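Note that the protein sequences, when read in sequence, are chains Y and X.
full-length UniProt numbering numbers the first residue of the first sequence as 1 and each following residue consecutively.
full-length UniProt numbering numbers the first residue of the second sequence as 1 and each following residue consecutively.
We put the CB at the ideal spot given by N, CA and C, even for glycine.
Quantities reported herein were computed from a predicted structural model and do not represent experimental measurements.
A short worksheet on the structure shown next.
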Amino acid sequence: MAREECKALLDALNKTTACYHHLVLTVGGSADTQDLREELQKTRQKARELAVATGARLTVALRDRGLASEERAEFERLWVAFSGCLDLLEADMRRSLALGAAFPLHAPRRPLVRTGVAGGSSAVAARALSARSLRHEAEGDFDVADLPELEREVLQVGEMIDDMEMKVNVPRWTVQARQAAGAELLSAASAGASSAGGVSVEERAGPCDPSKALAATVFGAVLLMAVILALCVANLS
Amino acid sequence: MATAAGCTPHGGCSRTQWSHLSKMERMVMSMQDPDQGVKMRSQRLLITVIPHAVAGKDVVEWLVQKFCISEEEALHLGTLLAQYGYIYPLRESRDLTLRPDETPYRFQTPYFWTSTLWPASELDYAIYLAKKNIQKQGVLVDYEKEHYAQLHKKINHAWDLVVMQAREQLRAAKQRRKGDRLVISCQEQTYWLVNKPPIQCFRKALGRNRVKSSVCLEAYLKFSSQHGPHDPIMSGCLPSNPWITDDVTYWTMNAPMVTAPTKLRVERWSFSFRELLDDPMGRGHFMDFLQKEFSAENLSFWEACEELRFGGQAQVPALVDAVYQQFLAPGAARWINIDSRTMECTLEGLRQPHRYVLDAAQLHIYMLMKKDSYPRFLKSDIYKGLLEEAVTPLETKRRSVGCQLHAVVLTVVLPDPVGQVFGKEQSPCPGCPLCC
Numbered sequence: 001m002a003r004e005e006c007k008a009l010l011d012a013l014n015k016t017t018a019c020y021h022h023l024v025l026t027v028g029g030s031a032d033t034q035d036l037r038e039e040l041q042k043t044r045q046k047a048r049e050l051a052v053a054t055g056a057r058l059t060v061a062l063r064d065r066g067l068a069s070e071e072r073a074e075f076e077r078l079w080v081a082f083s084g085c086l087d088l089l090e091a092d093m094r095r096s097l098a099l100g101a102a103f104p105l106h107a108p109r110r111p112l113v114r115t116g117v118a119g120g121s122s123a124v125a126a127r128a129l130s131a132r133s134l135r136h137e138a139e140g141d142f143d144v145a146d147l148p149e150l151e152r153e154v155l156q157v158g159e160m161i162d163d164m165e166m167k168v169n170v171p172r173w174t175v176q177a178r179q180a181a182g183a184e185l186l187s188a189a190s191a192g193a194s195s196a197g198g199v200s201v202e203e204r205a206g207p208c209d210p211s212k213a214l215a216a217t218v219f220g221a222v223l224l225m226a227v228i229l230a231l232c233v234a235n236l237s
Numbered sequence: 001m002a003t004a005a006g007c008t009p010h011g012g013c014s015r016t017q018w019s020h021l022s023k024m025e026r027m028v029m030s031m032q033d034p035d036q037g038v039k040m041r042s043q044r045l046l047i048t049v050i051p052h053a054v055a056g057k058d059v060v061e062w063l064v065q066k067f068c069i070s071e072e073e074a075l076h077l078g079t080l081l082a083q084y085g086y087i088y089p090l091r092e093s094r095d096l097t098l099r100p101d102e103t104p105y106r107f108q109t110p111y112f113w114t115s116t117l118w119p120a121s122e123l124d125y126a127i128y129l130a131k132k133n134i135q136k137q138g139v140l141v142d143y144e145k146e147h148y149a150q151l152h153k154k155i156n157h158a159w160d161l162v163v164m165q166a167r168e169q170l171r172a173a174k175q176r177r178k179g180d181r182l183v184i185s186c187q188e189q190t191y192w193l194v195n196k197p198p199i200q201c202f203r204k205a206l207g208r209n210r211v212k213s214s215v216c217l218e219a220y221l222k223f224s225s226q227h228g229p230h231d232p233i234m235s236g237c238l239p240s241n242p243w244i245t246d247d248v249t250y251w252t253m254n255a256p257m258v259t260a261p262t263k264l265r266v267e268r269w270s271f272s273f274r275e276l277l278d279d280p281m282g283r284g285h286f287m288d289f290l291q292k293e294f295s296a297e298n299l300s301f302w303e304a305c306e307e308l309r310f311g312g313q314a315q316v317p318a319l320v321d322a323v324y325q326q327f328l329a330p331g332a333a334r335w336i337n338i339d340s341r342t343m344e345c346t347l348e349g350l351r352q353p354h355r356y357v358l359d360a361a362q363l364h365i366y367m368l369m370k371k372d373s374y375p376r377f378l379k380s381d382i383y384k385g386l387l388e389e390a391v392t393p394l395e396t397k398r399r400s401v402g403c404q405l406h407a408v409v410l411t412v413v414l415p416d417p418v419g420q421v422f423g424k425e426q427s428p429c430p431g432c433p434l435c436c
């Protein structure tokens with residue numbers, strides 16, 4: 001059905017936008033490499049394809065005058081989420097253009113900011129492209145060649161947003177979001193709980209996993225000893 | 001909790017004011033030089049080792065060497081860098097000051113520099129709070145809880161997107177190494193600490209008194225009808241419009257200080273107290289009236305306060321002192337009567353005089369005069385005498401150059417200005433270049 005299709009496309013676009021955001025964070029920092037720029041390019045191309053597809057489907061659905069009011073409300077919700085996502089993508093693309101131009105990689109006349117991020121981001125890009133792994137084919141001056149392309153794409157996305165606003169008129173204030181405040185906590189089991197432990201850097205020196213592991217080992221050892229002693233006692237008596 | 005000053009008001013900082021940011025950025029970039037930059041250390045957590053940490057004292061030392069400044073100044077510069085979010089502390093993340101000891105800091109990634117991510121968008125902030133909500137299982141700091149609730153109300157339509165993006169961004173972050181994840185979340189936390197969007201502003205705006213449009217439109221109509229006869233364009237000016245007839249009698253008769261004010265001018269004094277005070281002649285007559293009533297010190301005090309507010313900065317301390325001696329000191333020659341609370345506040349403020357220190361007292365005296373002396377002035381003999389003596393200049397009957405008859409047609413009070421334009425046909429001056 002059209003609604004499920006749109007929802008799936010929107011979810012994919014949302015995932016790609018989030019991954020793109022995550023990749024743009026590191027531009028200009030110590031993890032900025034030609035590979036990163038290539039990953040950025042591939043991610044944004046995927047994002048644009050998804051955006052065009054989603055936009056087309058949603059426009060067709062919303063311009064259909066014979067739509068029931070509930071269905072229309074659903075589509076309008078999806079539309080608002082879609083245009084918000086597209087705004088986020090455009091903003092991140094603009095920033096990556098500004099940062100990419102300010103921190104060129106080919107001639108290091110400007111050293112990169114040593115931010116402490118050192119690892120690779122290919123896993124993030126692979127997630128964005130729904131691929132298992134990513135192959136890097138970037139040449140030495142990829143970032144320079146990429147900048148004009150990026151500029152064109154930023155303009156294209158801007159035009160796409162304007163175009164869609166012209167075609168479909170959805171007043172934002174009439175849309176009621178389905179998620180209530182704090183909805184993200186409800187299904188946080190998969191997304192949050194496992195990363196909750198790993199992200200606090202305050203008084204505790206590190207994550208609690210090693211100490212938990214240590215406690216578990218000690219307990220296990222004590223239990224084992226108790227069992228052995230019981231067996232010995234049982235054997236003796 | 002330190003927050004950045006100046007630049008953070010939402011939308012209040014235009015791009016031209018960013019020179020201080022670009023200076024700080026240049027400074028940060030020169031610290032990155034591998035040979036001449038700041039000495040880098042590694043931060044050792046239980047298992048992970050994260051590079052690129054700097055100690056506070058190394059930063060201070062580098063600044064002192066590079067710019068040949070004193071340690072105090074270097075400390076101040078370093079604190080500014082921290083407050084604008086270019087470096088952040090690793091242990092107490094909310095304390096954005098530079099300490100000249102072993103406290104570790106790290107540099108902020110260019111994405112989160114204030115100049116890149118300007119202005120701080122509400123959607124981004126909502127996504128950040130949602131992510132934090134998920135990670136901390138709902139335990140947020142007080143002001144963050146408040147912001148969360150306000151944002152939920154304000155951008156409710158986008159809340160689906162907020163939740164979706166928050167979840168996906170966390171999932172994307174999990175694809176990174178633990179060390180990188182820690183660093184990135186610290187960076188984001190620092191950015192939002194420095195650039196909290198000032199949602200409190202809206203509360204003030206919402207709390208402002210709102211007047212019904214029927215009420216303010218009524219006031220507007222009243223103003224228009226009251227001032228209509230006094231407007232030289234709507235109702236013509238007597239004796240004649242100087243721009244048309246080159247006769248400047250109108251201006252000389254309405255000069256700030258004349259012996260015989262026009263009737264219209266005297267009538268205008270009865271519209272509002274502000275009109276009376278703005279007109280120097282009116283103010284003079286009011287002063288005479290007050291002297292008869294033995295309350296002239298009120299107006300003198302008000303005038304002295306105006307002089308303080310609009311006068312030169314260098315004269316402020318002397319003027320404040322003079323005003324105090326003359327009007328406010330107990331047993332002063334012209335002691336004004338204000339209520340004790342205002343007097344206390346004013347005396348308190350006089351310890352550090354500035355040009356607005358007497359505002360409260362001035363307002364009190366203004367309201368006193370307006371409510372008490374002004375109505376009595378309007379009923380007084382002085383005012384009535386002025387009204388009778390006031391002149392109404394006659395329209396001049398012109399015979400000389402230009403189409404004066406045409407001008408006369410225009411100066412007659414007409415409720416329908418459009419009619420004047422089409423009244424050309426009725427003009428009795430044949431062969432006149434203006435009419436034909």
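Terminal residues of the alpha helix (DSSP H) in which residue i lies
{"i": "His21 (chain Y)", "result": "2 to 24"}
{"i": "Tyr88 (chain X)", "result": "Segment 87 to 89 is the beta strand (DSSP E) holding Tyr88 (chain X); no alpha helix (DSSP H) there."}
{"i": "Ser22 (chain X)", "result": "19 to 31"}
{"i": "Gln83 (chain X)", "result": "71 to 83"}
{"i": "Cys237 (chain X)", "result": "It is not in any alpha helix (DSSP H) - Cys237 (chain X) carries neither H nor E in the DSSP assignment."}
{"i": "Val323 (chain X)", "result": "316 to 323"}
{"i": "Phe301 (chain X)", "result": "296 to 310"}
{"i": "Met257 (chain X)", "result": "Premise fails: Met257 (chain X) is in no alpha helix (DSSP H) and is neither H nor E."}
{"i": "Met93 (chain Y)", "result": "69 to 102"}
{"i": "Val60 (chain Y)", "result": "34 to 63"}
{"i": "Phe223 (chain X)", "result": "213 to 227"}
Nearest neighbour of residue i, chosen from the options [CA to CA]
{"i": "Arg341 (chain X)", "options": "X:Gly228, X:Gly331, X:Gln326, X:Ala361", "result": "X:Ala361"}
{"i": "Thr171 (chain X)", "options": "Y:Val168, Y:Asn169, Y:Val124, Y:Ala145", "result": "Correcting the residue identity first, residue 171 (chain X) is Arg in this sequence and not Thr. Comparing Cα-Cα distances from Arg171 (chain X) to each of Y:Val168, Y:Asn169, Y:Val124, Y:Ala145, the minimum goes to Y:Val124."}
{"i": "Tyr191 (chain X)", "options": "X:Ser214, X:Phe112, X:Tyr148", "result": "X:Phe112"}
{"i": "His22 (chain Y)", "options": "Y:Arg95, Y:Arg172, Y:Ala213", "result": "Y:Arg95"}
{"i": "Gln150 (chain X)", "options": "Y:Ala181, Y:Lys7, Y:Met93", "result": "Y:Ala181"}
{"i": "Thr114 (chain X)", "options": "X:Val59, X:Met253, X:Ser19", "result": "X:Ser19"}
{"i": "Thr48 (chain X)", "options": "X:Glu61, X:Thr259, X:Asp33, X:Lys178", "result": "X:Lys178"}
{"i": "Tyr250 (chain X)", "options": "X:Ser30, X:Pro375, X:Pro232", "result": "X:Pro232"}
{"i": "Met253 (chain X)", "options": "X:His364, X:Ile382, X:Leu394", "result": "X:Leu394"}
{"i": "Thr115 (chain Y)", "options": "X:Val60, X:Trp62, X:Ser185", "result": "X:Ser185"}
{"i": "Gln43 (chain X)", "options": "X:Asp33, X:Val54, X:Pro34", "result": "X:Val54"}
{"i": "Thr17 (chain Y)", "options": "Y:Leu186, Y:Thr43, Y:Gly220, Y:Ala177", "result": "Y:Thr43"}
{"i": "Lys196 (chain X)", "options": "X:Ala74, X:Gly85, X:Asp180", "result": "X:Gly85"}
Test: residue i CB closer than 9 Å to a CB of chain X
{"i": "residue 238 (chain Y)", "result": "This structure gives no information on residue 238 (chain Y), because the portion of chain Y shown stretches from 1 to 237."}
{"i": "Leu111 (chain Y)", "result": "A quick correction: the sequence has Pro, not Leu, at residue 111 (chain Y). Closer than 9 Å to some Cβ of chain X, the Cβ of Pro111 (chain Y) qualifies, so yes."}
{"i": "Val117 (chain Y)", "result": "yes"}
{"i": "Asp35 (chain Y)", "result": "no"}
{"i": "Gly182 (chain Y)", "result": "yes"}
{"i": "Ala215 (chain Y)", "result": "no"}
{"i": "Ser121 (chain Y)", "result": "yes"}
{"i": "Gly66 (chain Y)", "result": "no"}
Chain Y within 9 Å of residue i, Cβ atoms only
{"i": "Asp160 (chain X)", "result": "yes"}
{"i": "Met164 (chain X)", "result": "yes"}
{"i": "His157 (chain X)", "result": "yes"}
{"i": "Asn133 (chain X)", "result": "yes"}
{"i": "Ala172 (chain X)", "result": "yes"}
{"i": "His147 (chain X)", "result": "no"}
{"i": "Gly311 (chain X)", "result": "no"}
{"i": "Arg274 (chain X)", "result": "no"}
Counterpart residues of residue i in DSSP-defined beta bridges
{"i": "Pro104 (chain X)", "result": "X:Ala55"}
{"i": "Ile50 (chain X)", "result": "X:Gln43"}
{"i": "Val27 (chain Y)", "result": "The partner list for Val27 (chain Y) (beta bridge, DSSP) is empty, contrary to what the question assumes."}
{"i": "residue 437 (chain X)", "result": "One cannot answer for residue 437 (chain X) here, as it falls past the ends of chain X, which runs 1 to 436."}
Close beta carbons around residue i, own chain, < 8 Å, minus the five adjacent residues each side
{"i": "Glu144 (chain X)", "result": "Leu129, Lys132"}
{"i": "Met281 (chain X)", "result": "Pro256, Met257, Val258, Pro261, Arg265"}
Neighbourhood of residue i by C-beta distance below 7 Å, restricted to the same chain and skipping five residues each side
{"i": "Arg176 (chain X)", "result": "none"}
{"i": "Asn14 (chain Y)", "result": "Cys85"}
Residue i: first and last residue of the uninterrupted beta strand (DSSP E) it sits in
{"i": "Gln135 (chain X)", "result": "Segment 122 to 135 is the alpha helix (DSSP H) holding Gln135 (chain X); no beta strand (DSSP E) there."}
{"i": "Arg44 (chain X)", "result": "41 to 44"}
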